[in-house]
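Numbering (the numbering used here), first residue to last: 133 to 508. Heads up, the thing below is written out as structure tokens.
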């Protein structure tokens, strides 16, 4: 039976208030504080105890804000762990805001100890899991510190920082600050690192990139960093005998491609890379899930606004019979209504489809001469 369990049995409902008193006792040694924080951290696994800790007198969150600046590494680390637990409940986040603890957590993210940095990143990640928590982290210095944490050596810190940034950027909080802090270049390194060693890191980096690429400045930054070839490589089928593609990785990578290729420069960059072939492979793969397939079709529609890209798609898909695939608007690829206005060469299939559609619904023909064969 652990010490914290015995402590809970001994004090019952008074366990948390007793720990609050022990933490506030400044005559205790650092070793005793470590033991007290360890017991508190274990008790905070319960939602009931978390709520009790936020209302305890003396204040536990306020004392943790002081202890996270301690000179003793285990005290700083355990204080950050306790704050991470408290941040999972609204009362805890309210206390973090009331006692202005975010600056202390941000400073801990720059700690010389890797363990403290990781604990601080996880605490900030816990705060960012809710909308009200994201509002607490909206300060520029917090976003800058999280972006800077992507350069550390320990991968658990990078994963936690990426997860916090993904939550923030999902709400468009701090996107401009993150871009100015060179997050796109750091995400490129994280994607390469995650692809080699850490799936969770890779997924967090892709989610963060997807959120940022859905903003105008984010698209421009991703294109400038030449990320599209790297994203296309994540979607390329492995060599025979190699590891199978991870569906979640493909889904997020395709989502990033879709978001980036909305911009005109993104269409050109995708058409000049292996992205076209990768999208075709995913489209014809019977195992592709519907959510990924939807992003694939959207990305193809973006890129296919370029005539040469349409020709490349048609050439690669024809052997698979996908030239007759029904696209989202109910017409066949690549002659769907999406492209009718771009592909009305006299005598072409799209020209005939456009004419039939207008005749069916009684639409006027805005450019009748475009339907005539040359010389007629």
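A virtual CB, placed ideally from N, CA and C, is assigned to each residue, including glycine.
Return yes when the C-beta of residue 399 is under 8 Å from any heavy atom of the ligand GDP, and no when it is not. The model depicted lacks the ligand GDP and carries no ligand whatsoever.
When you compare the CB positions of residue 363 and residue 392, do they come within less than 9 Å of one another, or not? Residue 363 places its beta carbon less than 9 Å from that of residue 392.
Check whether the Cβ atoms of residue 185 and residue 148 sit closer than 9 Å, and answer yes or no. In contact: residue 185 and residue 148 (Cβ atoms closer than 9 Å).
Distance between beta carbons of residue 415 and residue 340, contact taken as under 8 Å: About 26 Å; that fails the 8 Å criterion.
What's the gap between the Cα of residue 428 and the Cα of residue 420? Between residue 428 and residue 420, the C-alpha separation is close to 10 Å.
Just mark residue 146 as buried or exposed, buried being the case when its beta carbon has 16 or more other beta carbons within 10 Å. Exposed, by the Cβ-count rule.
Spatial neighbours of residue 384 in its chain, beta-carbon cut-off 7 Å, leaving aside the 5 residues before and after: Taken in chain order, the residues that qualify are 335, 338, 339, 342.
Of all the beta strand (DSSP E) runs that stay within the bounds of the region 311-361, which reach a length of 3 or more residues? The qualifying runs do not exist here; there are none.
Among 422, 188, 402, the one whose alpha carbon lies nearest that of residue 445: Answer by Cα proximity: 402.
Could you tell me the distance, in whole angstroms, from the CA atom of residue 302 to the CA atom of residue 491? Here the alpha carbons of residue 491 and residue 302 stand approximately 45 Å from one another.
Residue 388 (DSSP reduced to helix, strand or coil): The answer is helix: DSSP assigns residue 388 an H, G or I state.
Three-state secondary structure (DSSP) at residue 417? DSSP places residue 417 outside both helix and strand once states are collapsed to three, so it counts as coil.
Distance between residue 413 and residue 372 (C-alpha atoms, nearest Å): Bear in mind that the predicted position of residue 372 carries a pLDDT of just 49, short of 50, making it unreliable; the figure below should be weighed with that in mind. Counting only the Cα atoms, residue 413 lies some 15 Å from residue 372.
Going by CA-CA distance only, name the one from 298, 268, 447, 217 that's closest to residue 231. If we check each option's Cα against that of residue 231, 268 comes out closest.
Grab me the residues of residue 152's own chain with a C-beta within less than 8 Å of its C-beta, minus the 5 sequence neighbours each way, in chain order. Result list for residue 152: 185, 188, 189, 190, 191, 192, 195, in chain order.
Which one of 381, 407, 380, 396 has the shortest CA to CA distance from residue 389? Out of 381, 407, 380, 396, 407 has the C-alpha closest to the C-alpha of residue 389.
N- and C-terminal bounds of the alpha helix (DSSP H) containing residue 192: From DSSP, the alpha helix (DSSP H) with residue 192 extends over 192-199.
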